[in-house]
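Okay, structure first, notes after.
Numbering (the working numbering), first residue to last: 379 to 578.
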């Protein structure tokens, strides 16, 4: 089938994962086969969904996106819907994208009807909270933050950024394209992230 592979999906995966993915119960499955013959695969998907919720601290997990950029799109579409539900769709048109963000973030913002506006990075390659504060206004819908960022650095001021965004009524999207690097370091939703995607 079609798999919208992105560069962030291309990382080290243990060989055992590749071996398991080739088991006939997964590799020979077909979308049109009888549902009763796919129960094992559906159980694996369901259990993974539960685990991801626990790992990220998120209340809900969507398993439908097929790759990172697709998950990013799904999350931003949810944010767009939340803004529409609040009656602010005509006002909140800006999505802030740090200079260190994943390259697909601006395109995703545009596909969801937003205009990307770049945030400056500090000399150490991380987000500049002063620049974030200076760009806050009633037109800001969200910020898309990649963590660890494309410089390979963990952002240190996520909770502070979340507070700035939430005081402004803006959403916080975390691009977890390198989610494996975060395992054991905390939960994605701990600092009030509204939506996130992760590649594994």
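Idealized CB from N, CA, C, for every residue including glycine.
(message) Are the CB atoms of residue 484 and residue 494 within a distance shorter than 8 Å?
(response) Taking 8 Å as the cut-off, the Cβ atoms of residue 494 and residue 484 count as close.
(message) Extract the residue ranges of the beta strand (DSSP E) inside the segment 424-479, only unbroken runs of 3 or more that lie entirely within it.
(response) When DSSP assignments are scanned along the segment 424-479, the uninterrupted stretches of beta strand (DSSP E) that are 3 or more residues long and fall wholly within it turn out to be 472-476.
(message) Counting C-beta neighbours from all protein chains within 10 Å, is the total for residue 504 16 or more, i.e. buried, or is it exposed?
(response) By the neighbour-count criterion, in which a residue is buried when 16 or more other Cβ atoms sit within 10 angstroms of its Cβ, residue 504 is buried.
(message) Which same chain residues end up closer than 7 Å to residue 471 when comparing Cβ atoms and leaving out the 5 residues on each side of it in sequence?
(response) Taken in chain order, the residues that qualify are 492, 493, 517 and 519.
(request) Please say whether residue 577 and residue 552 have beta carbons closer to each other than 8 Å? (result) The criterion of a C-beta distance shorter than 8 Å is not satisfied by residue 552 and residue 577.
(request) For residue 533, count neighbouring Cβ atoms within 10 angstroms of its own Cβ and tell me buried if that reaches 16, exposed if not. (result) With 16 or more Cβ atoms within 10 Å of its Cβ, residue 533 is classed as buried.
(message) From the DSSP secondary-structure annotation, give me the bridge partner or partners of residue 518.
(response) Residue pairing by DSSP places residue 518 opposite 472 in a beta bridge.
(message) Excluding the 5 residues flanking residue 451 on each side, which residues of the same chain have their C-beta closer than 8 Å to its C-beta?
(response) A distance below 8 Å between beta-carbons, with the five flanking residues on each side excluded, links residue 451 to the following residues of its chain, in chain order: 443, 486, 489 and 490.
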